[in-house]
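As structure tokens, the structure follows; a few thoughts come after it.
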Amino acid sequence: MKIAAIVGSTRKESFNLKLAHFMKERYADQFELDILEIGHLPFYNQDEEMTPTAEVVEFKKNVADADAVLWVTPEYNGTITSAMKNAIDWLSRVDQVMIGKPSWIVGASMGALGTVKAQSHLRDILFAPGLSSPVLPGNEVLIGSVHEKVDENGYLADEGTIAFLDATVENVRPWLEKQAAVRN
Ligand code: FNR
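For the sequence shown, UniProt numbering gives the first residue as 1, with consecutive numbering after it.
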């Protein structure tokens, strides 16, 4: 199974970007994770949606080619980042490549609640008609105080968190596979 990862943070040392890389390596025998760039996408503009830039075309193609999308979200001011929302708005229009494609949400933040508000908003957004992306109920991966759960290079090192992530992958992966098979 091929999963496209969309990371909401565009900063180089992002904990969420490192979480995506951690998952790519740790679960390499279970799925192929393709971590996509979103920082270079132009601001969504309805005037341009029929004549998108090459970056937008490639981004949408990469999502279209994936069986599922993993959203790796930080939390900015109680919601998802503008970069992630921008990527979503592009995906929701014209060829609407997300429709019926299953989503999986994880997130890390330095706050105690670990992106709970951002993830709740993201679930709602994914149910918008232009996206219509199913998300498995429960199985939230909310990594709070992430700076205390990583090694000196910023990669997840907290045993309890890793064990929880492993257990979640065991639940979510077969569900994503089933959803993708139904869709194809
Ligand atoms: C934050 N941060 C933050 N954390 C949180 O738990 N809830 C929040 O609402 C916010 N709001 C917020 C706004 C802005 C503009 C910034 C820059 C930061 C802190 C945030 O969790 C922290 O910066 C993470 O490191 C961001 O994720 P990445 O970039 O490390 O992936």
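Ideal placement from N, C-alpha and C gives every residue a C-beta, glycine not left out.
Rounded separation between residue i and residue j - CA only
i	j	result
residue 67	residue 111	32 Å
residue 144	residue 16	12 Å
residue 184	residue 2	13 Å
residue 273	residue 65	In the structure as shown, the chain starts at 1 and stops at 184, and residue 273 therefore has no counterpart that could be examined.
residue 54	residue 5	19 Å
residue 59	residue 149	31 Å
residue 177	residue 104	12 Å
residue 171	residue 134	15 Å
residue 139	residue 120	13 Å
residue 37	residue 61	12 Å
residue 164	residue 41	33 Å
residue 158	residue 152	12 Å
residue 75	residue 82	10 Å
Cβ-based neighbour list, residue i, same chain, cut-off 6 Å, excluding 5 preceding and 5 following
i	result
residue 130	92 and 96
residue 90	44 and 56
Contacting residues, own chain, Cβ-Cβ under 7 Å from residue i (five flanking each side not counted)
i	result
residue 173	30 and 31
residue 156	19, 22, 149, 150 and 162
Residue i and residue j closer than 8 Å at C-beta
i	j	result
residue 88	residue 125	yes
residue 118	residue 80	yes
residue 108	residue 114	yes
residue 187	residue 86	In the structure as shown, the chain starts at 1 and stops at 184, and residue 187 therefore has no counterpart that could be examined.
residue 154	residue 13	yes
residue 102	residue 179	yes
residue 169	residue 27	yes
Whole-number beta carbon distance between residue j and residue i, since they are thought to touch under 8 Å
i	j	result
residue 136	residue 116	At roughly 17 Å, the Cβ-Cβ gap does not stay under 8 Å, so residue 136 and residue 116 are not in contact.
residue 122	residue 73	6 Å
residue 84	residue 8	4 Å
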